[in-house]
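Asker:
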Amino acid sequence: MTVLATATAVADAKRPSKAKLRSIATQTCADADLEPAAGNLKRIRQAILCLHNKVRAQNGVAPLRADTRLRRAATGHTKDMVAAGYFEHTSPGGATMVDRILNADYVGDGQGWMLGENLAWGTGSLGTPRGAMKAWMSSPGHKANILKRGFRELGVGVVARVPDSDGAGATYTVDFGVRR
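Going by the numbering used here, 80 is the number at position 55 of the sequence shown; the sequence numbering is gapless.
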């Protein structure tokens, strides 16, 4: 399931050169096959960002930048899903993606914005950054978020557990955004 909230129309920013996009599209994403563990989550987040930008470049879309406020919102949601044993965009208490991202101070007063969110969890190779990315790209709604030209930034939350057990695996939240 993909949730997309839009508050304003967003114009595309200056498109990167074809040479820059080719360079990004052909890069190797370190740690794309690394299974998440408590000590490697920064590397996992970097791999997720790299994979997003690689796919975007292959489709002629500008790369995303990591944003700490989006990461804070995504990480909080991922931790909550794993701790409370649910897998949804809206928490059992009713907090939505928009609530979480606005509470993380991503958007200032009077700013326009557009937000999106993708969730995934998996075990074994399906819990790696590459496994999560493959699943998202196989889903039309998730793929649309990844390739949305209007998005400029993302935050990745990852926990090295899954919501339905204490077993191995990983749970991901990727929050996308742009502010105007």
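Quick reminder that beta carbons are idealized off the backbone N, C-alpha and C, glycines included.
Please report the straight-line C-alpha distance between Val181 and Ala99, rounded to a whole angstrom.
Answerer: The straight-line gap from Cα to Cα measures roughly 6 Å.
Asker: Going by alpha carbons, who is nearest to Arg40 out of Ala169, Asn170, Gly85, Leu76?
Answerer: Checking every option, the nearest Cα to that of Arg40 belongs to Gly85.
Asker: Less than 8 Å separating the beta-carbons of Gly202 and Leu46?
Answerer: For Gly202 and Leu46, no; Cβs fall outside 8 Å.
Asker: How should Glu142 be labelled, buried or exposed, when 16 other C-beta atoms within 10 angstroms of its C-beta is the threshold for buried?
Answerer: Buried, because 16 or more other Cβ atoms sit within 10 Å of the Cβ of Glu142.
Asker: Measure the alpha-carbon distance for His114 versus Trp146 and round it to whole angstroms.
Answerer: Rounded to whole angstroms, His114 to Trp146 spans 13 Å at the Cα level.
Asker: Given this structure, state the Cα-to-Cα distance separating Gln52 from Ile171, to the nearest angstrom.
Answerer: Approximately 18 Å, taken between the alpha carbons.
Asker: When you compare each of Thr153, Gly101, Gly137 to Asn128 by their alpha carbons, which one comes out closest?
Answerer: Checked all of Thr153, Gly101, Gly137; the closest Cα to Asn128 is Gly101.
Asker: Would Ala34 be called buried (16 or more neighbouring beta carbons within 10 Å of its own) or exposed?
Answerer: Low confidence applies to Ala34: its pLDDT is 31, below 50, so where it sits in the model is not reliable, and the reading given next is rough at best. By the neighbour-count rule (16 or more Cβ atoms within 10 Å), Ala34 is not buried but exposed.
Asker: So, is Gly194 buried or exposed, given that buried needs 16 or more other C-beta atoms within 10 angstroms?
Answerer: Gly194 is buried by the Cβ-count criterion.
Asker: Got a sec, what are the start and stop residues for the beta strand (DSSP E) Leu9 sits in?
Answerer: Residue 9 lies beyond the range of the chain shown here (26 to 205); nothing can be said about it.
Asker: Kindly identify the DSSP beta-bridge partner or partners of Ala91.
Answerer: Answer is Leu179, bridged to Ala91.
Asker: For a test of the three-state rule: what should DSSP assign to Ala195, helix, strand or coil?
Answerer: Here Ala195 sits in strand by DSSP.
Asker: So who's on the other strand from Val187, going by DSSP bridges?
Answerer: In DSSP, Val187 forms a bridge with Ser190.
Asker: What does a CB cutoff of less than 8 Å around Val107 pick up in its chain, not counting 5 residues either side in sequence?
Answerer: Here the set comprises Val184, Arg186, Val187, Pro188, Thr196.
Asker: If you count every other CB in all the chains shown that lies within 10 Å of the CB of Asp105, and 16 or more means buried, which is it?
Answerer: Flag for Asp105 reads buried.
Asker: What is the rounded straight-line gap between the Cα of Phe112 and the Cα of Asp58?
Answerer: Computed Cα separation, rounded: 23 Å.
Asker: Can you list, in chain order, the residues of its chain whose CB lies under 6 Å from that of Ala160, leaving out five sequence neighbours each side?
Answerer: Around Ala160: Ala145.
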